[in-house]
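Numbering (the working numbering), first residue to last: 2 to 147. All C-beta atoms in this analysis are idealised placements derived from N, C-alpha and C, irrespective of residue type, glycine included. Note that this is a predicted model, so its numbers are computed, not measured.
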C-alpha cells in the first residue's frame, strides 16, 4: 500500500466560532455594496457528526491526488457510516491501512479499492484478503498557504 495514515481522535472541547458567509463567494469581482458576513460557524459542529466514531488523519501518499486528496491533507473519517460505492474509505487490508475509493461489484460479488493516480493499480478484494472498511471519509481539509 502506498499510504501511511496516522489517526487522531476528534476532540470537541472548545467552541471556535468563525465568521461565516452563507451566500456563496464568487470567484469574480465582488459587489462593494454587499455585506457578506451573515453569522458564525463552529467547525467542530460542522465537520463532526458522530464524536465517538469520528477521527482525523493526515494523508501521506499520492494514490488519490487526481481526486484532489493530496499528501499532507487532513481527512475527517467517520467509522459509524456504512461504505457505499463511490465513497472514499480508510480500509484495513492484509495488515495495512489504505485510503482509496470504494466500489462494490454486484456482478462479481467483490469489492474494489480504486486509486486516483495512474501510477497505482486498483486492488481487488477477495475472500483471501483480511479486509474491513475502517471508516468513510466525510471531509478533506487542505492547507493552501504555508
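Boundaries of the beta strand (DSSP E) harbouring residue 59: 55 to 61, taken from the DSSP string.
The alpha carbon of residue 93 has as its nearest neighbour, out of 47, 132 and 115, the alpha carbon of 132. With 16 or more other Cβ atoms from the protein chains shown falling within 10 Å of its own Cβ, residue 101 counts as buried.
A straight line joining the alpha-carbon of residue 53 with that of residue 98 spans about 20 angstroms.
Between the alpha carbons of residue 104 and residue 143 lies a gap of roughly 25 angstroms. Annotation: residue 83 is outside any alpha helix (DSSP H) and is labelled neither H nor E by DSSP.
The alpha carbon of residue 77 has as its nearest neighbour, out of 146, 147, 145 and 135, the alpha carbon of 135. In terms of Cβ geometry, residue 112 and residue 90 do not form a close pair [threshold 7 angstroms]. Of the residues assessed, residue 86 falls on the exposed side of the cut-off, its CB having fewer than 16 other CB atoms within 10 angstroms.
Within the same chain, 116 come within 8 angstroms of residue 122 by CB-CB distance, once the 5 residues on both sides are set aside.
Only residues of its own chain outside the window of five on either side were considered, and among them 79 and 139 have a CB closer than 8 angstroms to the CB of residue 50, listed in chain order. When DSSP states are grouped into helix, strand and coil, residue 79 belongs to the strand group.
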